[in-house]
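Scroll down for the structure; my scribbles are underneath it.
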Amino acid sequence: MAVTIWHNPRCSKSRETLKLLEARGIAPEVRDYQKEPPTMVELQDALMKLGQPASALIRWKDTDLSKEAGENEILSALTANPKLIERPLVLTETAARIGRPPETVLEIL
């Protein structure tokens with residue numbers, strides 16, 4: 018199974034999630050999403066796999082967007098400023114989970 022982690026090496030939860038995957042024998046594709054930001058299409062695909070609205074992917078404490086912001090406004094903000102993406106995000110071909118807490122990602126493996 019192909020597994021990708023949108024990873025921020027400076028984030029403890031992201032590091033813990035990567036370590037958890039590796040401890041389970043999973044060698045995910047590691048994508049530093051701040052150096053290689055996802056496209057609008059990739060964000061939309063991730064949301065479809067999460068089964069949640071765009072608001073689930075944004076780090077609200079790091080933005081001045083209104084909680085009433087629409088999907089397109091949030092996605093545009095995430096594309097323009099990838100540090101606003103909640104981390105880590107683990108994706109498979111059919112599902113995705115945010116690793117908060119890290120064990121949450123085990124649901125899709």
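To convert, note that position 81 of the sequence shown is 98 in this note's numbering; the numbers rise steadily by one, no gaps. The C-beta atom is built at its ideal place from N, Cα and C for all residues, glycine as well.
Assignment of LEU108 by DSSP, reduced to helix, strand and coil, places it in the strand class. LEU101 is the residue among VAL20, LEU74, GLY42, LEU101 whose C-alpha sits nearest the C-alpha of THR80. For the pair ALA71 and GLY42, the Cα-to-Cα distance works out to about 31 Å.
Following the DSSP letters along the chain, one finds ILE125 in no alpha helix (DSSP H), marked with neither H nor E.
For PRO54, the closest of SER29, TRP23, ALA73 by C-alpha to C-alpha distance is TRP23. About 6 Å separates the beta carbon of LYS30 from that of PRO119, a gap short enough to meet the 8 Å contact definition. Taking C-beta atoms under 8 Å as the contact rule, ALA63 and LEU108 qualify, at a distance of about 6 Å.
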